[in-house]
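In our numbering, the protein residues as written are 21 to 310. The structure appears right after this line, and notes come after that.
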């Protein structure tokens with residue numbers, strides 16, 4: 021995945037948009053020997069890197085009880101996704117349901133996958149591991165051609181931009197750290213439909229990743245409700261001063277990005293909050309810093 025440069029819209033829904041375009045079936049009547057090939061389309065703001073791994077499920081329907089390819093590991097190498105397993109379509113199915121997710125993990129139940137969001141996302145690798153992607157496609161006819169799957173961000177993202185006010189220098193802000201208070205760090209995800217919900221409520225501080233090129237802080241969190249009477253963001257400057265930010269009420273949604281523009285001023289601080297993409301929302305929110 022490349023550096024986080026301007027995240028673009030991928031949709032406001034909790035479910036990935038489904039491409040129902042059927043592919044042309046292969047001529048043989050017995051299609052059990054036709055190999056399964058998958059092409060996983062990148063999200064607009066994400067590039068895959070060699071070695072990235074995805075889990076793939078193929079079933080007769082979106083039900084976990086009818087899976088015939090169960091969490092096969094596909095590895096990205098030189099612009100192509102491939103599995104070390106020899107996968108073939110079910111010979112009794114006219115059409116199939118294909119879903120996939122990134123990053124790959126051991127999955128006990130694809131309809132109730134518990135995804136742990138790292139609380140320390142300060143390195144790019146840990147930030148990348150926090151960004152769960154998911155996609156699916158139904159009514160796929162048997163074909164040896166690669167089946168194209170479109171992906172989406174499953175969780176929400178908080179973006180913090182620090183701006184200099186009176187008494188602050190660019191150097192002080194460059195050395196700052198930012199945490200996001202999250203009421204849940206475990207998500208329950210249906211990897212077949214890409215629906216997400218809170219698995220367990222527990223207050224945690226999520227340390228964000230700082231992109232020095234963009235001069236912005238990024239943290240991935242489980243979509244949840246943020247009350248306006250609770251601290252939401254903590255900023256610690258290079259000099260050790262801490263500022264706590266209370267957000268407006270936010271009903272965080274899968275696939276959305278929440279932007280906080282914070283002006284630090286030693287005589288008084290200001291905060292502007294907006295929601296953009298991962299998906300676009302023109303609503304502005306307010307808050308305060310103390």
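The beta-carbon is built from N, C-alpha and C at its ideal position, and this holds for glycine as well.
Terminal residues of the beta strand (DSSP E) in which residue 201 lies: Counting along the chain, residue 201 sits inside the beta strand (DSSP E) bounded by residues 197-202.
Helix, strand or coil at residue 85 according to DSSP, with G and I counted as helix: When secondary structure is reduced to three states using DSSP, residue 85 falls in the helix class.
C-beta atoms of residue 124 and residue 74 nearer than 7 angstroms: Cβ distance < 7 angstroms, so residue 124 and residue 74 count as in contact.
The region 172-192 in contact with the region 144-152 per 3-pair CB rule at 8 angstroms: Verdict: yes, contact present.
Under 7 angstroms between C-beta atoms of residue 239 and residue 224: No.
Cβ pair count under 8 angstroms reaching 3, the region 114-121 against the region 182-199: Too few Cβ pairs lie closer than 8 angstroms, so no.
Distance, residue 77 Cα to residue 292 Cα: With a pLDDT of 49 at residue 292, under the threshold of 50, the modelled position of this residue cannot be trusted, and the question is left open.
Same chain, Cβ closer than 6 angstroms to residue 181, neighbours up to 5 away in sequence not counted: The answer, listed in chain order, is 236 and 281.
C-beta contact flag for residue 221 and residue 199 at 7 angstroms: Cβ distance not < 7 angstroms, so residue 221 and residue 199 don't count as in contact.
Sequence-distant residues of the same chain with beta carbon closer than 6 angstroms to residue 135, five excluded per side: Excluding residues within five positions, the ones whose Cβ falls inside 6 angstroms are 152, 207 and 209.
Start and end residues, beta strand (DSSP E) containing residue 266: Unbroken beta strand (DSSP E) run through residue 266: 262-267.
Own chain residues within Cβ distance below 6 angstroms of residue 197, not counting five before or after: Result list for residue 197: 256, in chain order.
Between the CA atoms of residue 158 and residue 267 - distance to the nearest angstrom: Put simply, the backbone Cα of residue 267 is about 39 angstroms away from that of residue 158.
Cutoff 6 angstroms; reference residue 232; Cβ partners in own chain excluding five residues on either side: In its chain, beyond the 5 residues on either side, no residue has a beta carbon closer than 6 angstroms to the beta carbon of residue 232.
Straight-line Cα distance separating residue 71 from residue 93: Distance from the CA atom of residue 93 to the CA atom of residue 71, rounded to whole angstroms, is 11 angstroms.
Coarse secondary structure for residue 74, derived from DSSP in three states: Residue state, collapsed to three classes: strand.
Own chain partners of residue 217 with C-beta closer than 6 angstroms, once the 5 adjacent residues on each side are dropped: Counting only Cβ-Cβ distances below 6 angstroms, and skipping sequence neighbours, we find 208.
Outcome for residue 279 when other beta-carbon atoms lying within 10 angstroms are tallied against a minimum of 16: Only buried fits residue 279, as 16 or more other CB atoms lie within 10 angstroms of its CB.
Own chain residues within Cβ distance below 6 angstroms of residue 130, not counting five before or after: Excluding positions up to five away in sequence, the list reads 77, 84, 211 and 212.
Supposed close pair residue 107, residue 95 - CB separation, criterion 8 angstroms: Not confirmed; about 13 angstroms, so no contact.
Where residue 59 falls, given that 16 or more other Cβ within 10 Å makes a residue buried: Looking at its Cβ environment, which holds fewer than 16 other Cβ atoms inside 10 Å, residue 59 is exposed.
Host alpha helix (DSSP H) of residue 313 (start-end): Shown here, the chain extends from 21 to 310; a query on residue 313 therefore has no answer.
Residue of 170, 100 and 142 minimising C-alpha distance to residue 61: Closest in C-alpha terms to residue 61, from the list 170, 100 and 142, comes 170.
For residue 101: DSSP bridge partner residues: In the DSSP assignment, residue 101 forms a beta bridge with 96.
Sequence-distant residues of its chain with Cβ nearer than 8 angstroms to residue 262 (five each side left out): Once the five neighbours on either side are set aside, the close Cβ partners of residue 262 are 254, 255 and 256.
Where residue 125 falls: helix, strand or coil (DSSP): Here residue 125 sits in coil by DSSP.
Whole-angstrom C-beta distance between residue 137 and residue 242, which should lie under 8 angstroms: Correct: roughly 6 angstroms between the Cβ atoms.
Status (buried if at least 16 other CB within 10 Å, exposed otherwise) for residue 145: Burial is judged here by how many other beta carbons sit within 10 angstroms of a residue's own beta carbon; residue 145 has fewer than 16 and is exposed.
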